[in-house]
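Engineer: Mind looking over this structure? Questions follow.
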Amino acid sequence: MAACVFCGIVAGEVPATRVVDEPDGVAFLDTRPVFKGHVLVVPRTHLVTLADLPSESLPGYFGLVRRLAMAVEAGVGAGGTFVAMNNKVSQSVPHLHTHVVPRTKGDGLRGFFWPRTRYADDAEAQGHAERITAALISAG
Numbered sequence: 001m002a003a004c005v006f007c008g009i010v011a012g013e014v015p016a017t018r019v020v021d022e023p024d025g026v027a028f029l030d031t032r033p034v035f036k037g038h039v040l041v042v043p044r045t046h047l048v049t050l051a052d053l054p055s056e057s058l059p060g061y062f063g064l065v066r067r068l069a070m071a072v073e074a075g076v077g078a079g080g081t082f083v084a085m086n087n088k089v090s091q092s093v094p095h096l097h098t099h100v101v102p103r104t105k106g107d108g109l110r111g112f113f114w115p116r117t118r119y120a121d122d123a124e125a126q127g128h129a130e131r132i133t134a135a136l137i138s139a140g
């Protein structure tokens, strides 16, 4: 897609600090990292959300994400990683991408980036679980 910055990076038309370029995806440093070593992993083809990723591409793409999570930790001497993906909401570039962020104890990053809530009771929680299960079943 011509206007997509990540497609431009994949094609080599937009400069990026590449970490890896493989058939299953391309990984490069985020230009505005949460912490130094923050990597973005993108599929080579233009897909907007995780739902658009073909089933046959899941093992290769997430295998690459997994390998990068281990490599980021080892490569920058981090204590671990935070692996995250936005779909539609808060997705700053409309091209599927996975963040692999190095973490260290006491780095200041606290849990998730949004406020947390509670279910009113077990019945409310069960109702949400049942609706999600029903949607999962209908999606096949």
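In the UniProt record's numbering, the protein residues as written are 1 to 140.
C-beta: ideal position from N, C-alpha, C; glycine also.
Quick check for students: name the residue ranges of the alpha helix (DSSP H) that lie wholly in the segment 27-71, counting only runs of 4 or more.
Structural biologist: none
Engineer: Please classify A69 as buried or exposed, where buried requires at least 16 other C-beta atoms within 10 Å of its C-beta.
Structural biologist: buried
Engineer: Less than 9 Å between the C-beta atoms of H99 and V48, yes or no?
Structural biologist: no
Engineer: Which class does D21 belong to by DSSP, given the choice of helix, strand or coil?
Structural biologist: strand
Engineer: Beta-carbon separation of G25 and V42 under 9 Å?
Structural biologist: yes
Engineer: Compare the C-beta of A134 against all C-beta atoms of chain B and say whether one is closer than 9 Å.
Structural biologist: Structure shown: chain B not included; a single protein chain is present.
Engineer: Starting from V101, trace the beta strand (DSSP E) both ways and give me its first and last residue.
Structural biologist: 98-103
Engineer: Assign A125 to one of three DSSP states: helix, strand, or coil.
Structural biologist: helix
Engineer: Note down, in chain order, each residue of its chain lying with its Cβ closer than 7 Å to the Cβ of V5, except the 5 sequence neighbours on either side.
Structural biologist: V14, V93
Engineer: Would a C-beta distance cut-off of 9 Å place V39 and L29 closer than the cut-off?
Structural biologist: yes
Engineer: Could you please give the first and the last residue of the uninterrupted alpha helix (DSSP H) stretch that includes A11?
Structural biologist: Note, A11: alpha helix (DSSP H), 5-11.
Engineer: Given a cut-off of 9 Å on the beta-carbon distance, is the pair P59 and R44 in contact?
Structural biologist: no
Engineer: Determine the burial state of T81: buried for a count of at least 16 other Cβ atoms within 10 Å of its Cβ, exposed for fewer.
Structural biologist: buried
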